[in-house]
Amino acid sequence: GVNDGNLLQRRSQGKLVVAVDRDFGSYSFGATLTAEGSRYDDQANDDRVAGYERLDLRAGYRINKQWQLQGKVENLLDAEYETVEYYNQPGRSAFIILRYQP
763 GVNDGNLLQR
773 RSQGKLVVAV
783 DRDFGSYSFG
793 ATLTAEGSRY
803 DDQANDDRVA
813 GYERLDLRAG
823 YRINKQWQLQ
833 GKVENLLDAE
843 YETVEYYNQP
853 GRSAFIILRY
863 QP
């Protein structure tokens, strides 16, 4: 058809995810860098959506064997990006998590 040979819509040709985590006794630290190439939002490959980079950080403290306190910051650099045209992703977000594992 008319779209033969075009890229699939909403799928980038390349994506890189690098995650690093490290434990230091009761403490843990980690970071994830995500980079994704541009994509098209339509089958005709007319509406191009730009690629993006995003950095997330996380840390944790093991209180005891069952309880862990965690914190994370997503999109640390407050990148403005879209994965679908006109659908903005959230800006910088921070979370505190108290986790129980029996």
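Quick note: to get this note's numbering, add 762 to the position in the sequence shown (first position is 1).
Think of the CB as a built atom: it goes at the ideal place given N, C-alpha and C, for glycine as much as any other residue.
Same chain only: Cβ atoms within 6 Å of residue i, ignoring 5 sequence neighbours per side
i: residue 811; result: 801, 803, 844, 847
i: residue 819; result: 793, 835, 838
i: residue 790; result: 822
i: residue 813; result: 798, 799, 800
i: residue 776; result: 799
i: residue 779; result: 796
i: residue 817; result: 795, 838, 839
Buried or exposed (CB count within 10 angstroms, at least 16 for buried), residue i
i: residue 822; result: buried
i: residue 815; result: exposed
i: residue 842; result: exposed
Residue i - partner residues in DSSP beta bridges
i: residue 792; result: 783, 820
i: residue 811; result: 801
i: residue 832; result: 822, 859
i: residue 846; result: 849
7 Å Cβ shell around residue i - same chain, five flanking residues per side excluded
i: residue 824; result: 788, 830
i: residue 862; result: 828, 829
i: residue 772; result: 801, 803, 846
i: residue 851; result: 843, 844, 845
i: residue 782; result: 792, 793
i: residue 864; result: 828
i: residue 809; result: 802, 803, 847
Own chain residues within Cβ distance below 8 Å of residue i, not counting five before or after
i: residue 806; result: 764, 765, 768
i: residue 833; result: 820, 821, 822, 856, 857, 858, 859
i: residue 784; result: 790, 791, 792
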